[in-house]
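In my numbering, the protein residues as written are 500 to 1148. Report on one structure; see the data block that follows.
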């Protein structure tokens, strides 16, 4: 029999583990006292779960910033136990003379003490008190107080060395993020019967990269393509299909250029009154699920799908199609739910909803009884929350839709579908793509730039660049083709992702293909150089793995130390992006890592050769391991950005 205290401890431990996602929903503990067998089973399960969690955590890359925040959080709590939610500010130091990290909480605590307790204490005095209360830990060598109250933190070299060895042996493992959550990402979302243009580029690239990041971090990710595949435009498309290909039900219509087909039907809709009437009738028949009209609709959707897929294949994009039509049957219930809750007003025959704080109402039913984008977006929101059971919902949609989406989200909260404190619903907005004239990116004739044309131009320019560098003389045909696609699509993606998504950015092939500065061309080239170092020293992967297990990474040279710390910042960079969804931070980090590596390589010999014969005299294995750790982190960074590096370039 277990004593009362043992049962309390077990209950608390199970709850703690449940929060970390080790257990599912824990069965009730009622009656536990009388059921020794159940308790023993639970204890064994608990021990096994603990072992699995420790094993997983042991392989995870440690987020040093988070570790330091825990340490300083405990120190502040011990020094000032009466303070509620004291500020906790830990950042990497910008200069080596200020240590490796800084805790800048003292200034904030000074203000709180003055406001809440009317105590005037200098930040330096507070910093000293915090420093005295730092608990025993494995990562801090020493702390120093500088200036008005900055606490400069110096990391232990053996701690950094140990983390690098762990990285080399276990690979780049995601930082521990707690319970596995469901994430739904809505991105790309082109319209059927219209070609994907440069405006779809950002949503597609940013959304794919976000999905890759959340997947790497261990989340359950659903990638949704909210296609514009329903609505009144299909009336005119079907009417035109009937006229142009009357036998479409038995013979597949050879629609080669869907964009031209769309323009023809639109011109007829605008100029022929009889055609316009028939187009409206087609919409009614389609929405009533007439089989012939559903077949026509499916034919048009299939032609678009094939065109979209060409682009998704080029850019290595994975999506599950779930267009507006998927939610059509749910819309009636959405309208009824808002009506039943008393939120609907009738305005000139339309059914509208006013959401507090938003000037423009949502129209959930038109005067003719049809539904709108507002209705389908509300239906999609509810389905994702209730059926998909999303913990996090991200809409990668341009900034122009911001007010609309915020109104939809607020309506979802108003009706009680979700609590923003529990479920995160975010609009990952982005700016427009500009031409080099700083105006909206257009062709010379003023048309929108087709995305497929842009990708083909990228391939041509990448090949021209490689031939300018005479790469065609040293690479095989297969290697040259791999380098071409890696550079072309890598540069297009990186040019987008390396800019803060909230801003507009200028699309320039010349800038993105430049192999100097913060570009994919520079990073891909740097990566192939790093990978070549061990190969040219005749050190294979097995030898590197053996060295990782046996060698201690010496970090005595200042450039070794700088590089080692930079490599280990990877988890904190990822954690920041999981919070703010700003992927340019990862691009900035990869560029910093590449330039820090160059400093290291220029100052620290990895492979020493005889100057006369060129023969290898000495291999400094710990430095080759630093090269390998750099390349491993860069490779994972590229993978998250959707960039495919090559071994030879």
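For glycine and all other residues, C-beta sits at the position ideal for the given N, C-alpha and C. Remember, it's a predicted structure, so these values are computed and weren't measured experimentally.
Pick helix, strand or coil for residue i, following the three-state DSSP scheme.
i	result
residue 1076	helix
residue 790	helix
residue 727	strand
residue 1170	This structure cannot speak to residue 1170, because the chain is shown only from 500 to 1148.
residue 1188	Lying outside 500 to 1148, the shown extent of the chain, residue 1188 is not represented and no answer is given.
residue 601	strand
residue 588	coil
residue 767	helix
residue 999	coil
residue 1006	coil
residue 655	coil
residue 1013	coil
residue 822	coil
residue 695	coil
residue 853	coil
residue 1099	helix
residue 582	coil
Out of the options, which has the shortest C-alpha to C-alpha gap to residue i?
i	options	result
residue 559	1121, 665, 644 and 633	665
residue 689	886, 891, 923 and 949	949
residue 906	941, 962 and 859	859
residue 572	600, 604 and 765	604
residue 872	823, 920, 834 and 911	823
residue 602	619, 634 and 643	643
residue 1028	767, 1096, 836 and 752	1096
residue 821	727, 838 and 890	727
residue 875	855, 647, 761 and 911	911
residue 592	814, 654 and 843	654
residue 798	815, 755, 671 and 657	755
residue 590	1143, 1071 and 1093	1071
residue 1036	1105, 1009, 1000 and 1098	1105
residue 606	587, 782 and 670	587
residue 712	684, 638 and 691	684
residue 768	733, 839 and 850	733
residue 647	629, 566 and 624	624
residue 891	900, 908 and 1068	908
Please return the same chain residues whose Cβ sits closer than 7 angstroms to the Cβ of residue i, not counting the five positions on each side in sequence.
i	result
residue 1050	1120, 1121 and 1124
residue 1089	1022, 1133 and 1136
residue 974	982 and 1147
residue 718	679, 680 and 682
With burial defined as no fewer than 16 other Cβ atoms inside 10 Å of the residue's Cβ, what is the status of residue i: buried or exposed?
i	result
residue 651	buried
residue 1039	exposed
residue 845	exposed
residue 595	exposed
residue 533	Residue placement at residue 533 is poorly supported in this model, since its pLDDT is 48, which falls under 50; the coordinates still yield a value, given next. Exposed, since its Cβ has fewer than 16 Cβ neighbours within 10 Å.
residue 1030	buried
residue 636	exposed
residue 518	Confidence in residue 518 is poor, its pLDDT being 49 and thus under 50, which makes the residue's placement unreliable; the coordinate value appears in the next sentence. The residue is exposed, with fewer than 16 neighbouring Cβ atoms inside 10 Å.
residue 1011	buried
residue 1145	buried
residue 987	buried
residue 1109	exposed
residue 449	A query on residue 449 cannot be resolved here, the shown segment of the chain reaching from 500 to 1148 and no further.
residue 671	buried
residue 967	exposed
residue 564	buried
residue 613	exposed
residue 850	buried
residue 667	buried
Might you give, ordered along the chain, the residues of its own chain that have their beta carbon closer than 8 angstroms to the beta carbon of residue i, omitting 5 neighbours on each side?
i	result
residue 716	673, 674, 676, 1073 and 1077
residue 996	704, 705, 708, 1082, 1083, 1085, 1086 and 1140
Against chain D, with Cβ distances strictly below 9 angstroms, would residue i count as a contact?
i	result
residue 614	Given the protein chain composition of this structure (a single chain), no chain D is represented.
Below 6 angstroms CB to CB, which residues in the same chain sit around residue i once its five sequence neighbours on both sides are set aside?
i	result
residue 663	1052, 1063 and 1128
residue 523	Confidence is the limiting factor: at residue 523 the pLDDT is only 41, short of 50, which leaves the residue's position unreliable, though a coordinate-based value still follows. Excluding sequence neighbours, residue 523 sits near nothing in its chain.
residue 978	1147
residue 1006	932 and 940
residue 530	Low confidence applies to residue 530: its pLDDT is 47, below 50, so where it sits in the model is not reliable enough to give any reading.
residue 1003	930, 931 and 933
Are the segment 990 to 1001 and the segment 1056 to 1065 touching by the rule of at least three beta carbon pairs closer than 8 angstroms? no
Should the segment 714 to 729 be called in touch with the segment 1022 to 1029, which here means at least 3 C-beta pairs below 8 angstroms? no
Flag this pair as touching only if the segment 823 to 841 and the segment 849 to 866 have three or more C-beta atom pairs under 8 angstroms; answer yes or no. yes
Assess, as a yes-or-no matter, whether the segment 924 to 940 is touched by the segment 884 to 902 under the definition of 3 or more beta carbon pairs within less than 8 angstroms. yes
I want to know whether the segment 915 to 923 touches the segment 878 to 891 - three or more CB-CB distances under 8 angstroms. yes
Pairs of beta-carbons, one from the segment 727 to 747 and one from the segment 771 to 778, closer than 8 angstroms: are there three or more? yes
Answer yes if the segment 1040 to 1049 comes into contact with the segment 1106 to 1116, meaning at least three C-beta pairs across the two stretches below 8 angstroms, and no otherwise. no
The segment 802 to 814 in contact with the segment 683 to 698 per 3-pair CB rule at 8 angstroms: yes
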